[in-house]
Amino acid sequence: MDEIDESLVPTETNQEEEFRPYFPEKAEDEGVVNKQGLKKKLVKVGEGWEVPDQGDEITVNFTGAVVGGAQFASSGEGKPSVCFVGKDNVLKGCEDGLITMRKGEISIFTVPPALTQGIQSLYPDIPQDATLQFQVELVSWYRVVDVNNDGGVVKKIVHKSELLERPERKDEVTVKYEVKLEDGSLVAKSPEEGVEFLVSDGRLCPALAAAVVTMRKGEQAILRVEPQYAFGNAGRPAQDGLSAVPPNAVIIITLELVAYKLLEYITDDKLVIKKITSCGEAFEKPNTGATAQIRYIGKLSDGTIFDKKGHDGMEPFEFTVDYEQIVEGLDVAVATMKRKEVALVIVGPGYGYGSNGTKTELAVVPAQSTLYYEVEMVGFTKFSFMDHIAVVLLNATLSVYDSVLQCKFPPNTAHCQFFSTQITESWDMNPEQKLEYAAKRKEEGNAYFKAGKYRRASLRYDMAVKYVEFESTFDEEQKKLGKFYKVSCNLNNAACKLKMKDYKEAANLCSKVLKLEPTNVKALFRRAQAYMENLDLDLAALDLKKANEIDPSNGDVTQQLQRLQNMQSYYDKKESKLYVNMIEKLKI
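Heads up, the sequence shown is in the UniProt record's numbering, so the first residue is 1 and it goes up one at a time.
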């Protein structure tokens with residue numbers, strides 16, 4: 001490896017030189033575009049930058065001739081031909097050149113015999129060893145997509161959208177469509193304004209839902225649909241005065257994606273739903289305690305307006321996020337919105353006015369009403385712990401100052417400058433501030449837990465732990481207090497998660513506690529509860545046995561052990577019965 005290279009010429013190798021295609025860019029340029037020797041000579045430069053792909057439908061004017069011989073084909077004067085790239089023999093061998101053409105381009109392709117095999121089925125007089133030459137003008141082309149990759153739904157895009165985003169299966173779409181048989185008989189048609197449906201629910205036939213998730217807003221397409229994605233063996237009886245669909249019929253659907261709404265389930269029980277009609281700016285969303293400004297109109301299912309804020313010349317409604325100042329369902333939905341986002345928020349009765357209903361200035365909201373809010377997020381200011389402390393201190397100082405001296409702070413003093421300082425994250429706080437913050441959040445969490453508001457309580461416990469998680473700047477006493485908040489808040493949060501039936505997260509929170517305190521009976525007990533709900537009975541048994549060894553007199557642990565034994569007995573019998581049934585079936 002230390003020797004120098006003393007050779008004066010490069011060493012010859014037997015490796016084949018790598019092929020590099022040349023694509024002409026200027027008129028009269030010529031190049032070889034594939035390894036098989038297809039040549040392209042550019043006669044006229046096309047427009048734009050887009051080119052067709054394999055399988056696309058192209059409309060061309062062309063002539064075909066044998067090199068050194070006669071012309072054997074043409075599209076006809078003033079009558080362009082329509083073919084599919086790579087699927088028709090009309091321009092056999094030109095495929096790799098056709099997918100380099102732009103609209104309006106004219107090129108001459110010289111095709112060696114190896115690429116023209118099969119063209120004789122159309123033109124029998126062409127010799128097998130003939131080199132052919134095609135002059136092609138690309139008049140227009142349509143993108144063709146095999147939606148399910150099996151030929152069952154073939155989409156031809158007739159109007160392309162400039163947008164990038166597409167709906168997903170969970171979203172709600174508005175489409176216009178017209179459905180015909182191959183003979184042109186009309187069998188179905190949407191209303192003029194279109195129809196709205198959840199993609200996951202489908203509409204009319206399977207092809208519609210399959211195709212719409214490949215489309216962009218404003219896109220128009222023609223679908224050729226095979227029977228398995230249309231109406232199958234049964235067909236479809238005549239409806240609305242239109243034709244019937246015979247069994248095993250191919251249908252043609254003209255489809256337009258008018259609009260769609262991104263759908264989000266805000267709560268795990270899917271009782272608060274957000275349908276985004278206009279995406280917001282950037283990525284930031286309000287946090288708990290943020291001051292948000294929104295415009296909204298609240299409606300009942302029959303369209304009755306029962307609440308309106310920020311409209312008709314009114315200032316946007318301002319409130320503190322997640323502090324019970326508005327209906328809970330609207331509150332949790334707003335916390336997921338970006339600036340300038342517009343959405344329809346659907347709130348189930350449990351997150352609205354429930355079994356009591358209410359009466360507003362505009363209307364009566366009956367009990368068990370589903371609420372519909374049209375909401376715009378105007379803006380928000382994220383919560384800052386130090387801003388909160390500053391306001392408290394400033395208000396207290398002003399109160400004392402007013403009462404004692406009967407005057408106010410002059411504007412722009414050093415005091416005001418101090419209190420306006422913004423410190424927004426935990427790393428901007430000193431240890432005392434972090435511990436004070438954790439204590440406050442735990443206190444709030446406890447109040448929410450006692451009120452049965454477990455989601456809000458869980459969030460407060462999360463916030464408390466976040467601010468004492470990193471303790472590198474803590475002294476020994478502060479570390480002890482920080483550990484106390486981590487243990488107690490994670491345990492309380494686990495209790496919330498059990499109430500919310502989020503058993504996996506409950507077990508994770510208990511595991512965090514057990515890393516700090518391996519003999520914590522409450523953590524072992526609650527983790528066992530979570531394991532039992534997920535039917536991880538062996539893991540639950542390990543935790544309960546350990547808890548019982550640590551605290552044999554704990555009645556809750558003893559009771560839970562008995563419940564575990566009953567569950568194990570039940571599932572053992574169930575598995576035994578399944579096994580016996582399986583053996584009996586094998587004997588048949």
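From the three backbone atoms N, C-alpha and C, an ideal C-beta is built for every residue, glycine too.
Proximal residues to residue i (C-beta, below 6 Å), its chain only, five neighbours per side dropped
i	result
leucine 435	Leu481
alanine 114	Gln36
proline 431	Thr473, Phe474 and Gln478
glutamate 444	Arg460
leucine 263	Lys170, Asp171, Glu172 and Lys275
tyrosine 467	Ser426, Lys434, Tyr437 and Ala438
threonine 519	Ile550
tyrosine 296	Lys309, Tyr373 and Val375
Spatial neighbours of residue i in its chain, beta-carbon cut-off 7 Å, leaving aside the 5 residues before and after
i	result
alanine 506	Ala494, Lys497, Leu498, Arg526 and Ala530
valine 258	Thr174, Val175, Lys176 and Gly194
lysine 450	none
methionine 215	Arg166, Ala221 and Leu257
glycine 235	Ala244, Val245, Pro246, Pro247 and Ala249
proline 366	Gly357
glutamate 281	Lys338, Arg339 and Lys340
leucine 564	Met532, Leu537, Ala540, Ala541 and Leu544
Neighbourhood of residue i by C-beta distance below 8 Å, restricted to the same chain and skipping five residues each side
i	result
serine 81	Thr59, Val60, Asn61, Phe62, Ser75 and Val90
tyrosine 571	Leu535 and Leu537
valine 199	Pro167, Glu168, Arg169, Lys170, Asp171, Glu172, Val173, Ala209, Val212 and Val213
arginine 102	Val45, Gly46, Glu47, Gly48, Trp49, Glu50, Val51 and Leu138
proline 112	Gln36, Gly37, Leu38, Gly93 and Thr131
tyrosine 351	Thr267, Leu271, Val272, Val327, Glu328, Gly329 and Val332
Cβ separation of residue i and residue j, assumed to be a contact under 8 Å, to the nearest whole Å
i	j	result
isoleucine 126	glutamine 54	So it is not a contact: roughly 24 Å between Cβ atoms.
glutamate 219	isoleucine 157	6 Å
alanine 457	leucine 491	Incorrect: roughly 12 Å between the Cβ atoms, too far for contact.
valine 321	alanine 292	5 Å
cysteine 205	alanine 238	Between alanine 238 and cysteine 205 the Cβ distance is about 16 Å, and since that is not below 8 Å, they are no contact.
leucine 516	lysine 486	6 Å
phenylalanine 383	asparagine 287	5 Å
valine 334	isoleucine 294	6 Å
Per-residue DSSP class, three states only, for residue i
i	result
glutamate 444	helix
glutamate 374	strand
serine 121	helix
phenylalanine 23	coil
residue 610	Any property of residue 610 remains undetermined from this structure, which presents the chain solely from 1 to 588.
glutamate 50	coil
alanine 73	strand
glutamine 135	strand
glutamine 293	strand
aspartate 475	coil
isoleucine 326	coil
lysine 340	coil
aspartate 146	strand
phenylalanine 84	strand
proline 411	Annotation note: pLDDT 38 at proline 411 (below 50); position unreliable, no value reported.
isoleucine 99	coil
lysine 285	coil
leucine 42	strand
leucine 164	coil
leucine 263	strand
threonine 558	helix
residue 589	Nothing about residue 589 can be read from this structure; the chain reaches only from 1 to 588.
lysine 359	strand
Buried versus exposed, by CB contacts within 10 Å (16 or more), residue i
i	result
serine 569	exposed
methionine 337	buried
proline 552	exposed
aspartate 402	Unreliable positioning characterises aspartate 402 in this predicted model, as indicated by a pLDDT of 47, which lies under 50. The coordinate reading is nonetheless provided below. Label assigned to aspartate 402: exposed.
cysteine 489	buried
lysine 40	buried
tryptophan 49	exposed
phenylalanine 23	exposed
aspartate 307	buried
lysine 442	buried
threonine 304	exposed
glutamine 559	exposed
lysine 359	exposed
serine 301	exposed
alanine 188	buried
valine 144	buried
glutamine 133	buried
cysteine 510	buried
residue 603	Since the first residue of the chain shown is 1 and the last is 588, residue 603 is not available in this structure.
alanine 464	buried
Practice problem: Could you pull out every unbroken alpha helix (DSSP H) segment of at least 4 residues lying fully inside the UniProt domain "PPIase FKBP-type" (170–261), listed in chain order? | Solution: Listed in chain order, the alpha helix (DSSP H) elements of length 4 or more contained wholly in the UniProt domain "PPIase FKBP-type" (170–261) are 206–212.
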